[in-house]
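Numbering (the numbering used here), first residue to last: 369 to 746.
Glycine residues also receive a C-beta, built at the ideal position from the N, C-alpha and C atoms.
It should be emphasised that the depicted structure is a prediction, and the values quoted were computed from it without experimental measurement.
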């Protein structure tokens, strides 16, 4: 996830944590116009640390926007598919933003501080596009002000079964264990004002910590220091992708985009058709018509790793492609090569056999129930 790609001649932007990554020996790459750590040591070890202990992710490149004023809630309600009217102060909700035709502008999380201030976290690759879309939606309104705060916030994801234990050491009075999933709490860490939000993108428990951008390195370094005995590790983009894939969490630009609608992307649960939002008429029509394809989860049976863009076939030989892989990699926790891809609705039934063209060779795979991994109940 990153901000919109700048021109090819522009150097990648740096998050407030760039120097921290370099000091830790990270392999840094240009990721959608940002200089981001892809790994610090082994992707497999980083993946394991999040599943068994706790990991830190630099997600400062994500975007944050706010809607402020008496019309803030109504403005956001008009933009998103999920129902945000029933949110209480300190609650968050995952949703999508749609175009008029039902295609997905972005997936995002809406945070209600109070009725007159709503903050939305958007995908880094979509910041410019989303900001333009949101600003246009409130043109001419005097009851709400829209502002892009992306450069003002730092954001650290603290994920894993020991995330609460680590963060409690920095905010002993906050009682973070009492914060429910998809809720957040304003508190302080090291005297720094933060939001501690029980959200994340790994399939594990954890928090995302919002703070002033300038204070992000101090918090990051403190988390690494106080979490040493807990096995804390900094985590790069490589493990972030394998973690989210095991949990079947969609990646914008791979699994969802302007050409996909929420129903076929298995995101119908975030579409509430009982309120008026951009794209609702088109989604109502799509629902009435029925799906022609669906995003399915599959595991590879033969030797081969599915990758984004690989073709999917119904048979081992002959015939035209019936679909395309949107995401694929090894799933370290489940010990299998995994993938997601769009196929005809009948083919998406659990147990069906499909074939993935892996560099010219069709490799068998089986459609399975999503997600591939679900964290153990506490």
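Checklist line | Per DSSP, cross-strand counterpart(s) of residue 552 | finding: Bridge pairing for residue 552: 565 [DSSP].
Next item on the list: Could you pull the start and end residues of the beta strand (DSSP E) that residue 666 belongs to?
Entry: Segment 661-668, the beta strand (DSSP E) holding residue 666.
Margin query: Against chain B, does residue 670 count as a neighbour if the rule is that its beta carbon must be under 7 Å from one of theirs?
Written below: As a matter of chain content, chain B is missing from the structure shown, which is built from one protein chain.
Margin query: Would residue 405 and residue 394 be called neighbours here (beta carbons separated by less than 7 Å)?
Written below: With contacts defined by Cβ atoms closer than 7 Å, residue 405 and residue 394 form a contacting pair.
Margin query: When you compare the segment 563-578 with the segment 514-528, are there three or more beta-carbon pairs, one atom per stretch, that lie closer than 8 Å?
Written below: Yes: the two stretches touch, three or more of their Cβ pairs being nearer than 8 Å.
Check: If you drop the 5 nearest sequence neighbours on each side, which residues of the same chain put their C-beta closer than 7 Å to that of residue 468?
Finding: Here the set comprises 646, 647, 650.
Check: Contact between the segment 625-638 and the segment 469-477: three or more CB pairs below 8 Å?
Finding: In short, these stretches touch, since the Cβ pair count reaches three.
Next item on the list: Could you tell me how far apart the beta carbons of residue 449 and residue 433 are, in whole angstroms, since I believe they sit closer than 8 Å?
Entry: Actually they are not in contact, since the Cβ atoms of residue 449 and residue 433 sit about 17 Å apart, beyond 8 Å.
Margin query: Tell me the rounded alpha-carbon separation between residue 400 and residue 722.
Written below: About 32 Å.
Item checked: Beta-bridge partners of residue 402, as assigned by DSSP -> Beta-bridge pairing links residue 402 to 381, 399.
Item checked: Neighbourhood of residue 634 by C-beta, 6 Å cutoff - its chain only, sequence neighbours within 5 removed -> The answer, listed in chain order, is 663.
Notebook entry, point to check: Which class does residue 375 belong to by DSSP, given the choice of helix, strand or coil?
Noted result: Low local confidence applies: a pLDDT of 43 at residue 375 is under 50, so the model's placement there is unreliable, with the coordinate-based value given in what follows. Three-state DSSP puts residue 375 in coil, outside helix and strand.
Next item on the list: Can you give me the Cβ contacts of residue 537 inside the same chain, cut-off strictly under 6 Å, excluding the 5 residues immediately before and after it?
Entry: Answer for residue 537: 594, listed in chain order.
Next item on the list: Compare the beta carbon distance of residue 665 and residue 616 with 7 Å and say whether it is the shorter of the two.
Entry: Inclusion of residue 665 and residue 616 in the CB contact set at 7 Å is warranted, their separation being smaller than that value.
Item checked: Three-pair Cβ contact test at 8 Å for the segment 438-458 versus the segment 607-626 -> No: fewer than three Cβ pairs fall under 8 Å.
Item checked: For residue 579, the first and last residue of its enclosing beta strand (DSSP E) -> From DSSP, the beta strand (DSSP E) with residue 579 extends over 574-580.
Notebook entry, point to check: Between which two residues does the beta strand (DSSP E) carrying residue 475 extend?
Noted result: It spans 472-482 - the beta strand (DSSP E) in which residue 475 sits, taken as one unbroken run.
Margin query: Going by the DSSP bridge assignment, what does residue 712 pair with across the sheet?
Written below: BP columns for residue 712 point to 661.
Notebook entry, point to check: If we ignore side chains and look at the alpha-carbon of each, how far apart do residue 389 and residue 426 end up?
Noted result: Roughly 9 Å between the two C-alpha positions.
Check: So residue 497 is in the alpha helix (DSSP H); what residue range does that whole segment cover?
Finding: Where residue 497 is concerned, the enclosing alpha helix (DSSP H) stretches over 495-505.
Check: Hey, is the segment 411-418 in contact with the segment 601-609, meaning 3+ C-beta pairs nearer than 8 Å?
Finding: Yes, the segment 411-418 is in contact with the segment 601-609.
Notebook entry, point to check: Applying the criterion that 16 or more other CB atoms from any shown protein chain within 10 Å of the CB defines a buried residue, is residue 411 buried or exposed?
Noted result: Buried.
Check: What whole-angstrom Cβ distance do residue 424 and residue 592 have, given they're in contact under 8 Å?
Finding: So it is a contact: roughly 7 Å between Cβ atoms.
Next item on the list: Inspect the beta-carbon positions of residue 583 and residue 560 and report whether they are closer than 7 Å.
Entry: Contact: yes.
Checklist line | Whether residue 440 touches residue 484 by CB criterion (7 Å) | finding: It is a contact, given that the beta carbons lie within the stated cut-off.
Next item on the list: Report yes if the C-beta distance between residue 630 and residue 661 is below 7 Å; otherwise report no.
Entry: No.
Next item on the list: Look at the Cβ atom of residue 693, then the Cβ atom of residue 741, and state whether they are nearer than 7 Å.
Entry: Cβ atoms of residue 693 and residue 741: not closer than 7 Å.
Notebook entry, point to check: Whose C-beta lies closer than 7 Å to the C-beta of residue 373 among residues of the same chain, with five residues either side of it excluded?
Noted result: Its pLDDT being 41, under 50, residue 373 is placed unreliably in this model, and the coordinates cannot settle the point.
Item checked: Contiguous beta strand (DSSP E) assignments of at least 3 residues, all confined to the segment 399-449 -> As far as the segment 399-449 is concerned, its whole beta strand (DSSP E) runs of at least 3 residues are 402-407, 423-426, 431-436.
Next item on the list: For the beta strand (DSSP E) containing residue 533, list its first residue and its last residue.
Entry: Residue 533 -> not in any beta strand (DSSP E); alpha helix (DSSP H) instead, spanning 531-538.
Check: Which runs of the alpha helix (DSSP H), 4 residues or longer, sit entirely within the segment 578-608?
Finding: Counting only runs of 4 or more, we get 584-594.
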